[in-house]
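Participant: Take a look at this one; I'll ask things after.
Residue numbers (the numbering used here), protein chains in the order written: chain A, 1 to 442; chain B, 1001 to 1442.
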């Protein structure tokens, strides 16, 4: 028998604010960070890795929350923990005192995501399968039983969800073969960070086109004249056929969003992403009606399945950008995919940050193979940084994610990276904080 | 000149789980707790006190988050901090790295509430006024300028809000005199905790009637047969004229809520409180349409102004139960009151817990005097426990809150209480944790 012997949670922060990579109208100086969970077992060859993603300060708060969330795992027998992943999720989620701090949102939910992502990684490694293949090993009924249906049964019953999955079973293999050849289509955000100059923007757009991308995304929302100029540059480089997306990172109120997007309509964006508060399903529905045919996309801050349910019910979004480290792991992600399939909304997961690309490739492949069986309107985010810290980084070729084949959820970082960027005691931060102190004295 | 010299945040937990006070279908064993903030200044006679409310585990996470949130206050000049309470709020809220962990929800938002509640207490003490009177000292324009209107301008412009407040100015004094005589009406939840026996329920309902209450609330949602029996007992004791409210604390999905409430309709509840997920504005609207004329109430887990905006837009609730320690202090509470007034929804704040009654009495009085100018359908929660720990506890007479007259927000606890119930090192918890350890060994 194998037991869980320890759960380590590490505050890992990468100093991305130094390069303006990741800068947008709302998030000017993020240090991409991970609340990084390692589950150790009595079998020294078997561990699980997972994380939630933050942008710096407060990552320590998530670490404390994840440590508390993980406590019920200690000493548990592995067959028990990974044998019923629905029960494990419900058990960790069931603490009513911690529930008060959400429920199902904010730091506590991020912490649950971090811990359960590691449990899923552990389970997939134990099965010797990459996460997307591990998900295919469950029957439709098993998958639905492990998904969190609390508060969503008014739009999707479990039986309906099972039927939806069953309808795709017989054609799964053909789609796996297809993706094996083509990969899963992605787009790049690396070109359009707000802190980049016009020349850098132009060059990066050209690079994206040359690398085979059909979609490029720009950050907007700080200054309208800048946005017009930058969109014009991007559209010039991309030509008429490629897709341009714009992303405001929640800086507008509803009326302002409608006005601003109207002023950029001439550049024919495929979507406006995060036009306003991520919580505002009604507001997104209003914006969508007003800016059509430009699509509305949101979800990286979509706090839970109940929010996405309302987005779908109100017809608020054209693209669902769920986040693999904000939703409480596969148990909640599957629920959102199932609802999206029922409502016919394509899911284009949020990625970037640190390690999110590694996670979402599994989700997109699972969606195409087992849930939506469609690539229409679907394209998954890819941002080309920080992959060097992962032991099995995602691979992108010709604008598509190559199917991952290593066992697990691709969430493991090199121990050297974790050590160097551990905050505040890792080598990188020790030195930098020491320098800052010296400067303050001088 | 006076400066902020220190901000202390203490994890205070009261062992309410021992008595089943506070038990309901979702929260079976809460230890009512406060993330308790003390702002110290260079004037030893001037401090500010505030808190957010939690129910035990995870209160330490909120403490860490509040410490981080409060950092920008250290060393600041007091005129600067309390002279523009809108700017102070925006400054504390503006940290984009911490924003990622919400935004505007969960632990980070609770922490902001705790810190800003203490800032408001400090400002009111400095002015020598109870908080409700301090709020009346602002002009309508000043009040609106300090309120957080981000993401709500599509339903309420600042000018509209100013006009709404101005319309009530000339009649304010008459309403203050009225409340001075009658107090602000409240109802009691102390009778109906789920953990209480039928006999205890009957006796407590009778006590409530004898004490002058016109409203009594029962917890429901764990077992339908139990609920029918308990509602029947309560209705028998209350007679036909008094109001019975029922509270499910989020245990149902939407369809289940409609069915269960239908089975209790014969007892003519005034409202069903928290029938489902607090995030589900669309779901509450569906339930409301289905259970009318029974009203729908929610809000104690209403995470922010954007959620309440949608509740109002969708006609989802008959009673808005905002929480003074979950919304990010007066700056966000005022916004919700203004929207509620525009949409004609009565606000009946959530209270109970520890210290919430002390806070919300100020809000209800402010609402009647300056915002809604109405008592129709309004009744504020009152739960009779833990008041003995406060230096200026609320006073309830004949089912009404007596106007508080001590300067501040009534949030200060006796230092002896804070010391005794500090977790885990206070006298109470040290002993109890020692005993638990001894039992574990034996």
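Using N, Cα and C, we set each Cβ at its ideal position, and we do this for glycine too.
Residue 1100/B CB to nearest chain A CB: under 8 Å?
Facilitator: yes
Participant: Which residues in the same chain as residue 5/A place their Cβ atom closer than 7 Å to its Cβ, once the five residues preceding and following it in sequence are excluded?
Facilitator: 40, 41 and 42
Participant: Check whether the Cβ of residue 254/A lies closer than 8 Å to any Cβ atom in chain B.
Facilitator: yes
Participant: In three-state terms, what does DSSP make of residue 348/A?
Facilitator: coil
Participant: Can you give me, in chain order, the residues of the segment 1262-1291 of chain B that have a beta carbon less than 8 Å from any beta carbon in chain A?
Facilitator: So the close ones are 1276, 1277, 1278, 1279, 1280, 1281, 1282, 1283 and 1286.
Participant: Anyone know if the C-beta pair for residue 1033/B and residue 1008/B falls short of 8 Å?
Facilitator: no
Participant: Determine the burial state of residue 1254/B: buried for a count of at least 16 other Cβ atoms within 10 Å of its Cβ, exposed for fewer.
Facilitator: buried
Participant: Specify the secondary structure class of residue 88/A as computed by DSSP and reduced to three states.
Facilitator: Three-state result, residue 88/A: helix.
Participant: Is the Cβ of residue 136/A closer than 8 Å to any Cβ of chain B?
Facilitator: no
Participant: Interface residues of chain B around residue 91/A at Cβ under 9 Å?
Facilitator: Residues of chain B passing the Cβ test: none, with the nearest at roughly 15 Å.
Participant: I want to see whether chain B comes within less than 8 Å of residue 415/A, judged by CB atoms only; does it?
Facilitator: no
Participant: Taking beta-carbon pairs under 9 Å, can you tell me which members of the segment 325-349 of chain A lie near chain B?
Facilitator: none
Participant: Run through chain B and tell me which residues come within less than 9 Å of residue 68/A, C-beta to C-beta.
Facilitator: The contacting residues are 1057, 1058, 1060 and 1061.
Participant: Which chain B residues are close to residue 108/A, counting only those with a beta carbon under 9 Å from its beta carbon?
Facilitator: Neighbours of residue 108/A on chain B, chain order: 1058, 1061, 1106 and 1107.
Participant: If you draw a straight line from the alpha carbon of residue 1256/B to that of residue 1113/B, how long is it in whole angstroms?
Facilitator: 33 Å
Participant: Please confirm if the segment 1277-1296 of chain B is in contact with the segment 1326-1344 of chain B, defined as three or more CB-CB distances below 8 Å between the two stretches.
Facilitator: no
Participant: Determine which residues of the segment 138-153 of chain A have a Cβ less than 9 Å from any Cβ of chain B, and write them out in chain order.
Facilitator: 149, 150, 151, 152 and 153
Participant: Contact check, residue 365/A vs residue 120/A under 8 Å by CB: the rounded distance?
Facilitator: In fact, because the Cβ distance is near 15 Å, the residues do not count as touching under 8 Å.
Participant: Go to residue 413/A, then tell me how far its beta strand (DSSP E) extends in each direction, as first and last residue.
Facilitator: Taken as a continuous stretch (DSSP letters only), residue 413/A belongs to no beta strand (DSSP E), as it is neither H nor E.
Participant: Which first and last residues belong to the beta strand (DSSP E) in which residue 215/A is found?
Facilitator: 215-219
Participant: Three or more beta-carbon pairs under 8 Å between the segment 304-320 of chain A and the segment 75-92 of chain A, yes or no?
Facilitator: no
Participant: Distance check for residue 1219/B and residue 1372/B, CA to CA, integer angstroms please.
Facilitator: 29 Å
Participant: Specify whether the segment 1335-1347 of chain B and the segment 1100-1115 of chain B touch according to this definition: at least 3 beta carbon pairs, one from each stretch, less than 8 Å apart.
Facilitator: no
Participant: List, in chain order, every chain A residue whose beta-carbon is nearer than 8 Å to that of residue 1064/B.
Facilitator: 60, 61 and 64
Participant: According to the neighbour-count rule (16 or more other Cβ atoms, all chains shown, within 10 Å of its Cβ), is residue 1206/B buried or exposed?
Facilitator: exposed
Participant: Between the alpha carbons of residue 1189/B and residue 306/A, how many angstroms are there, rounded?
Facilitator: 28 Å
Participant: Going along the chain, which unbroken runs of the alpha helix (DSSP H) with 4 or more residues stay wholly within the segment 1094-1130 of chain B?
Facilitator: 1096-1099 and 1106-1127
Participant: Taking the runs of the beta strand (DSSP E) that are 3 residues or longer, which of them lie wholly in the segment 237-287 of chain A?
Facilitator: 243-247 and 271-273
Participant: Select from 2/A, 105/A and 24/A the residue whose C-alpha is nearest the C-alpha of residue 1278/B.
Facilitator: With distances taken between Cα atoms, residue 1278/B lies closest to 105/A.
Participant: Can you tell me which of the three DSSP states residue 1438/B falls into?
Facilitator: helix
Participant: For residue 1090/B, tell me which candidate among 1070/B, 1077/B, 1429/B and 1075/B has the shortest Cα-Cα distance.
Facilitator: Comparing Cα-Cα distances from residue 1090/B to each of 1070/B, 1077/B, 1429/B and 1075/B, the minimum goes to 1070/B.
Participant: Name the chain A residues whose beta carbon is nearer than 7 Å to that of residue 1315/B?
Facilitator: Those do not exist, as residue 1315/B stays about 11 Å from chain A at its closest Cβ, beyond 7 Å.
Participant: Let me know the secondary structure DSSP gives residue 304/A once reduced to three states.
Facilitator: coil
Participant: Thinking just about the alpha-carbon of each residue, which of 389/A, 195/A, 378/A and 269/A is nearest to the one in residue 399/A?
Facilitator: Checked all of 389/A, 195/A, 378/A and 269/A; the closest Cα to residue 399/A is 378/A.
Participant: I need the DSSP call for residue 83/A, collapsed to helix, strand or coil.
Facilitator: helix
Participant: Quick one: give me the first and last residue of the alpha helix (DSSP H) that residue 1335/B is part of.
Facilitator: 1330-1343
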